[in-house]
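One structure is given here, and the rest of the page talks about it.
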Amino acid sequence: MLGKLSWSAIPIHEPIPLITSVVMIVVILGVLGLITFKGWWPYLWREWITSVDHKRIGVMYCLLGIVMLIRGFADAIMMRSHQALAINAAGYLPPEHYNQIFSAHGTIMIFFAAMPLVIGVMNFVTPLQLGVRDVAFPTLNSVSFWLTASGALLVNLSLFIGEFARTGWLPYPPLSEATYSPGVGVDYYLWAVQISGIGTLMTGVNFVTTVLKMRCPGMGYFSMPMFCWTTLAASLLIVAVFPILTATLAMLSLDRFFGWHYFSNDLGGNPMMFWNLIWAWGHPEVYILVLPAFGIFSEIFSTFSGKPLFGYRSMVAATLFICLVSLMVWLHHFFTMGSGPAVNTAFGISTSIIAVGTGVKIFNWIFTMYGGRVRFSVPMLWSLGFIFTFVIGGMTGVLLAVPPADFVLHNSMFLVAHFHNVIVGGVVFALFAGIHYWFPKAFGFRLHEGWGKAAFWCAFIGFWVTFAPLYVLGLEGMTRRLQHVEIEAWRPMLYLSVVGVVILIAGVVCQITQLVVSIVRRDALRDLTGDPWDGRSLEWATPSPAPFFNFATLPDVAGEEAYWGIKLQAIESQQLAPEPRYADIEMPVNSPVGFYTAFFATVVGFSLVWQIWWLAILGLAAAYAGFVVFAWRDIHEVHVPAEEVARVDRARRAAREALLQRLAHQGATP
Amino acid sequence: MSRPAPRLLSLAAAGGLSGCTGVLAPTGPVGADIATILIDATLIMLAVIVPTLLLAGWTAWRYRASNTRAPYLPYWSYSGRIEAVVWAIPILVIIFLGGVIWIGSYKLDPFRPLDSKTPALEVQAVALDWKWLFIYPQQGVATVNQLVVPAGTPIHFSITSASVFNVFFIPRLGSMIYAMPGMVAQLHLQADHPTELWGVSAQFSGDGFSDMKFNVSSLPRDQFDRWVQQVSGPTLDEAAFKNLRRQSRMGTAAYGSVDPKLFDAIAKQKLGPAPGPELENSGREASAGWSL
Ligand code: HEM
Ligand SMILES: [Cu+2]
Numbered sequence: 015m016l017g018k019l020s021w022s023a024i025p026i027h028e029p030i031p032l033i034t035s036v037v038m039i040v041v042i043l044g045v046l047g048l049i050t051f052k053g054w055w056p057y058l059w060r061e062w063i064t065s066v067d068h069k070r071i072g073v074m075y076c077l078l079g080i081v082m083l084i085r086g087f088a089d090a091i092m093m094r095s096h097q098a099l100a101i102n103a104a105g106y107l108p109p110e111h112y113n114q115i116f117s118a119h120g121t122i123m124i125f126f127a128a129m130p131l132v133i134g135v136m137n138f139v140t141p142l143q144l145g146v147r148d149v150a151f152p153t154l155n156s157v158s159f160w161l162t163a164s165g166a167l168l169v170n171l172s173l174f175i176g177e178f179a180r181t182g183w184l185p186y187p188p189l190s191e192a193t194y195s196p197g198v199g200v201d202y203y204l205w206a207v208q209i210s211g212i213g214t215l216m217t218g219v220n221f222v223t224t225v226l227k228m229r230c231p232g233m234g235y236f237s238m239p240m241f242c243w244t245t246l247a248a249s250l251l252i253v254a255v256f257p258i259l260t261a262t263l264a265m266l267s268l269d270r271f272f273g274w275h276y277f278s279n280d281l282g283g284n285p286m287m288f289w290n291l292i293w294a295w296g297h298p299e300v301y302i303l304v305l306p307a308f309g310i311f312s313e314i315f316s317t318f319s320g321k322p323l324f325g326y327r328s329m330v331a332a333t334l335f336i337c338l339v340s341l342m343v344w345l346h347h348f349f350t351m352g353s354g355p356a357v358n359t360a361f362g363i364s365t366s367i368i369a370v371g372t373g374v375k376i377f378n379w380i381f382t383m384y385g386g387r388v389r390f391s392v393p394m395l396w397s398l399g400f401i402f403t404f405v406i407g408g409m410t411g412v413l414l415a416v417p418p419a420d421f422v423l424h425n426s427m428f429l430v431a432h433f434h435n436v437i438v439g440g441v442v443f444a445l446f447a448g449i450h451y452w453f454p455k456a457f458g459f460r461l462h463e464g465w466g467k468a469a470f471w472c473a474f475i476g477f478w479v480t481f482a483p484l485y486v487l488g489l490e491g492m493t494r495r496l497q498h499v500e501i502e503a504w505r506p507m508l509y510l511s512v513v514g515v516v517i518l519i520a521g522v523v524c525q526i527t528q529l530v531v532s533i534v535r536r537d538a539l540r541d542l543t544g545d546p547w548d549g550r551s552l553e554w555a556t557p558s559p560a561p562f563f564n565f566a567t568l569p570d571v572a573g574e575e576a577y578w579g580i581k582l583q584a585i586e587s588q589q590l591a592p593e594p595r596y597a598d599i600e601m602p603v604n605s606p607v608g609f610y611t612a613f614f615a616t617v618v619g620f621s622l623v624w625q626i627w628w629l630a631i632l633g634l635a636a637a638y639a640g641f642v643v644f645a646w647r648d649i650h651e652v653h654v655p656a657e658e659v660a661r662v663d664r665a666r667r668a669a670r671e672a673l674l675q676r677l678a679h680q681g682a683t684p
Numbered sequence: 036m037s038r039p040a041p042r043l044l045s046l047a048a049a050g051g052l053s054g055c056t057g058v059l060a061p062t063g064p065v066g067a068d069i070a071t072i073l074i075d076a077t078l079i080m081l082a083v084i085v086p087t088l089l090l091a092g093w094t095a096w097r098y099r100a101s102n103t104r105a106p107y108l109p110y111w112s113y114s115g116r117i118e119a120v121v122w123a124i125p126i127l128v129i130i131f132l133g134g135v136i137w138i139g140s141y142k143l144d145p146f147r148p149l150d151s152k153t154p155a156l157e158v159q160a161v162a163l164d165w166k167w168l169f170i171y172p173q174q175g176v177a178t179v180n181q182l183v184v185p186a187g188t189p190i191h192f193s194i195t196s197a198s199v200f201n202v203f204f205i206p207r208l209g210s211m212i213y214a215m216p217g218m219v220a221q222l223h224l225q226a227d228h229p230t231e232l233w234g235v236s237a238q239f240s241g242d243g244f245s246d247m248k249f250n251v252s253s254l255p256r257d258q259f260d261r262w263v264q265q266v267s268g269p270t271l272d273e274a275a276f277k278n279l280r281r282q283s284r285m286g287t288a289a290y291g292s293v294d295p296k297l298f299d300a301i302a303k304q305k306l307g308p309a310p311g312p313e314l315e316n317s318g319r320e321a322s323a324g325w326s327l
């Protein structure tokens with residue numbers, strides 16, 4: 015009846031997962047209880063859970079990403095401290111537990127922290143910058159989000175029902191085959207990633223369509239803000255490679271469930287094929303993460319230098335170049351499988367060629383600051399910290415792309431240091447910068463600068479103190495994923511790394527404090543103008559927070575920096591453009607279909623993990639029924655009357671008028 | 036089923052200062068070449084990166100908003116000449132490195148025999164859950180978790196796995212290579228001097244992975260020959276191998292004689308796949324042999 019599920023799945027005898035689970039359950043019940051007690055459910059249901067507004071969905075993505083970032087960070091704290099205690103000693107995590115932790119850490123950080131944060135920012139920003147009211151397929155967008163949340167839920171469920179994979183964040187066969195990993199851990203991984211992967215694929219389709227088809231009048235491809243270009247590039251990559259991931263993991267599932275032989279040792283299975291396929295997805299995946307990060311930095315460098323982005327077309331070219339070449343380098347993840355010198359040379363060179371595109375970008379950001387008026391606000395600090403960190407990470411990456419060098423550095427701590435160098439220094443720094451930058455647009459008030467700066471310095475210093483020792487350890491011959499070590503010489507660096515983690519913890523505390531302080535002082539930090547940073551792209555033309563329809567009338571723009579042009583004109587002529595004629599607006603209607611589908615997707619995933627076949631079939635049928643009901647709905651849009659639009663927009667114009675007065679008073683361009 | 040880290044290993048390591056354990060302290064020709072490449076490639080890149088970072092810092096500081104003496108060029112966003120330089124610099128670096136990659140990949144191809152007058156010693160290495168088996172086909176002996184080689188002699192490793200993927204890696208000798216079931220990888224290494232080293236698996240392979248370490252003793256030739264003479268122990272045939280390949284962590288062991296067809300049978304998977312975990316369970320998989 016319940017497949018493989020039984021009481022033995024609950025970790026009653028293992029204190030660490032048990033206590034963690036209990037704490038998590040108590041926190042979740044507490045939050046749910048509070049919502050119920052305060053009577054917030056109707057509001058949450060109407061305004062958030064069923065919302066198809068790209069801004070709301072973006073915020074929910076970011077929230078999910080941040081919660082998972084904290085979960086992943088908890089894993090990291092355990093790994094670093096355990097390893098420091100396991101030098102010629104047992105440490106406190108037995109291997110079957112330690113192995114789950116590093117597997118969960120990588121899986122969570124990539125799929126459920128970094129991806130949701132990147133997609134969240136893409137969601138929030140892209141339509142605003144394009145000057146449109148929503149993405150191409152708003153309801154699909156909601157489905158995407160909830161499917162991602164469903165995957166995250168499954169991973170966390172594995173903590174106290176069963177176990178998580180012990181095979182690393184990429185489940186390499188034959189280790190991940192049923193023979194060597196008979197438990198449900200790998201199945202949790204597979205279904206969590208499959209379900210969220212479908213969501214990601216739909217996001218890719220959605221954003222390719224949005225950028226190609228939904229720009230406001232006057233906005234050609236070469237007048238899109240840089241961030242929109244990177245959204246396009248990342249979405250194209252998603253559409254190109256996520257199907258590979260889905261197919262590969264499906265094949266592994268067939269091996270595991272039905273004893274097929276795609277990747278098994280025997281009967282013609284070929285585990286090496288898994289390496290090829292997974293990295294054909296995996297390498298582009300890191301660029302899916304980092305290209306939007308580059309987009310965020312491009313926006314910030316130009317805004318905070320008070321100048322247009324230097325070499326815009328060159329930047330576009332570099333982005334598309336990276337996008338294309340990233341599809342042709344996957345073999346650098348297994349130079350040491352003995353593919354032969356010709357193959358290794360080809361992939362080594364193609365890999366280092368990517369660094370050309372990245373190098374060009376770095377120089378262009380530097381020249382964007384050249385001749386500017388650089389303001390060292392929090393987003394700018396993250397961006398400068400990024401340049402330093404990412405350049406070093408890029409350098410070690412190119413070192414690893416030299417096959418003979420990789421012959422001694424593959425799977426070492428040097429590698430671990432490298433990818434954290436680029437993922438934390440590139441992606442995570444960008445996301446913190448972006449959140450600080452766009453926060454006022456989402457919530458109407460700025461984040462506190464002082465605490466933001468403190469958080470930056472802790473993260474920056476903490477990052478280097480944590481990961482620089484790993485480079486040294488890698489050169490000292492330490493390999494990754496070791497549950498205990500015997501080499502005394504590694505002790506100092508392993509300890510130093512823990513010191514770095516402590517500094518990082520201080521950074522997390524500053525970050526949380528920043529949020530709390532900002533909420534408490536929100537009236538003082540209120541952004542009344544809608545343009546708190548003297549921005550240059552269209553999102554700053556809306557009031558903060560942006561109304562759900564974004565723009566009262568779709569802007570008609572010219573030039574590379576749409577809003578900057580509008581702003582300059584207003585300053586020169588000392589008046590706003592004449593009031594437009596407001597018309598009724600049609601906005602997509604809210605829909606519970608995303609939440610509903612994801613609920614049943616979770617049921618299907620859970621029952622497939624435990625092989626409760628009848629429940630899986632039932633869940634699939636229910637999810638399909640929801641889709642059918644949705645497809646036959648009659649009302650697609652709500653009507654926003656012209657008076658309402660006019661009321662919101664007149665308030666915005668009044669605020670702008672005041673700003674203009676003030677600027678005129680100062681007698682200068684900003 | 037105990038997990039004694041091979042004793043020698045800790046001893047060798049305890050004496051080692053940080054510099055002496057790693058890939059920058061090679062004791063053989065392969066490792067030495069790789070260390071040179073590592074350092075050269077790093078220097079080539081630093082030559083560009085250090086000025087770039089200085090330029091970044093200088094630009095940000097000089098054009099800070101409070102410095103009103105610096106010129107403000109609010110519209111300056113394009114310069115063909117700078118663009119050309121900006122593309123040229125990374126391209127030049129990569130052309131340089133491309134040369135290093137090309138030459139290095141051929142010269143240090145792990146399948147390529149080393150240039151040496153001394154004939155190579157053959158060693159067949161088999162990755163097992165969770166130990167390394169070394170067969171000396173010319174000598175007819177075998178060891179577990181202990182590799183003994185003559186100093187100054189090239190060693191030709193034929194490497195395979197009897198269960199999951201692993202990576203054969205002796206940091207101070209140089210290149211690593213995957214040990215994969217059904218395939219035989221070739222690797223050529225040499226230790227120049229008599230010394231004590233250690234090797235590991237560099238590819239995660241399950242719960243006992245951290246114990247997949249082995250001692251490496253490089254001995255003067257005559258001592259090596261004497262060592263071969265005194266290796267004693269049971270015969271490693273199919274039955275003994277099937278017992279050995281079951282999941283376990285172990286210290287060192289030795290076999291006085293070896294079935295000469297054994298390695299071939301393992302590599303061609305004639306013996307079937309090695310068993311995985313042998314404990315029955317439902318959801319939570321538990322591993323054998325560990326207690327806190
Ligand atoms: C900020 C503090 C962080 C610390 C201290 C940390 C620490 C670690 C450690 C100790 C490992 C395992 C090394 C080993 O295999 O021996 C690891 C692996 C990994 N980390 Fe992090 N990490 C951090 C943040 C992140 C972030 C932000 C991401 C991604 C967005 C990330 C992604 C990964 C990935 C993908 C792996 C590989 C996992 C595997 O190979 O199984 N980490 N990290
Ligand atoms: Cu890659």
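Protein chains in written order, with this note's numbering: chain A, 15 to 684; chain B, 36 to 327. We treat Cβ as the ideally placed atom computed from N, Cα and C, and that holds for glycine.
For residue i: DSSP bridge partner residues
i, result
"B/Tyr171", "B/Val176"
"A/Ile13", "With chain A covering only 15 through 684, there is no way to say anything about residue 13 of chain A."
"A/Arg60", "Answer by DSSP bridge pairing: none, since A/Arg60 is not bridged."
"B/Pro185", "B/Leu254"
"A/Val392", "BP columns for A/Val392 are empty, so no partner."
Residue i: first and last residue of the uninterrupted beta strand (DSSP E) it sits in
i, result
"A/Ala206", "No beta strand (DSSP E) holds A/Ala206; the alpha helix (DSSP H) holding it covers 199-227."
"B/Leu156", "156-163"
"A/Tyr276", "Looking at the DSSP string, A/Tyr276 is not in any beta strand (DSSP E), and its letter there is neither H nor E."
Beta-carbon proximity check, residue i vs residue j, cutoff 8 Å
i, j, result
"A/Val416", "B/Val135", "yes"
"A/Thr245", "A/Ser210", "no"
"B/Gln159", "B/Val263", "no"
"A/Asp269", "A/Glu177", "no"
"A/Lys375", "A/Phe318", "no"
"A/Leu204", "A/Leu250", "no"
Residue i versus residue j - alpha carbon distance
i, j, result
"B/Gly318", "A/Trp289", "For B/Gly318, the predicted structure reports a pLDDT of 44, less than 50, and the residue's modelled location is therefore unreliable. The matter cannot be settled from this model."
"A/Leu345", "A/Gly354", "12 Å"
"A/Ile336", "A/Ser117", "28 Å"
"A/Glu490", "A/Trp504", "8 Å"
"A/Phe381", "A/Leu673", "30 Å"
"A/Trp547", "A/His434", "30 Å"
"B/Val120", "B/Val65", "37 Å"
"B/Ala40", "A/Tyr75", "Note that B/Ala40 scores 41 on pLDDT, short of 50, meaning its location in the model is unreliable and no value can be drawn from it."
"A/Gly439", "A/His432", "10 Å"
"A/Pro29", "A/Leu107", "11 Å"
Listed by chain order, chain B residues near residue i by CB distance under 7 Å
i, result
"A/Leu204", "Within chain B, no residue comes near A/Leu204; the closest Cβ sits about 15 Å away, beyond 7 Å."
"A/His384", "Looking at the sequence provided, one finds Tyr at residue 384 of chain A rather than His. Result: Thr94, Tyr98."
"A/Ala419", "Ile69, Ile72, Leu73, Ala76"
Residue i: first and last residue of the uninterrupted alpha helix (DSSP H) it sits in
i, result
"A/Tyr577", "576-587"
"A/Trp289", "285-319"
Within chain A, the residues that residue i reaches when beta carbons sit closer than 7 Å
i, result
"B/Gly241", "Leu189, Tyr194"
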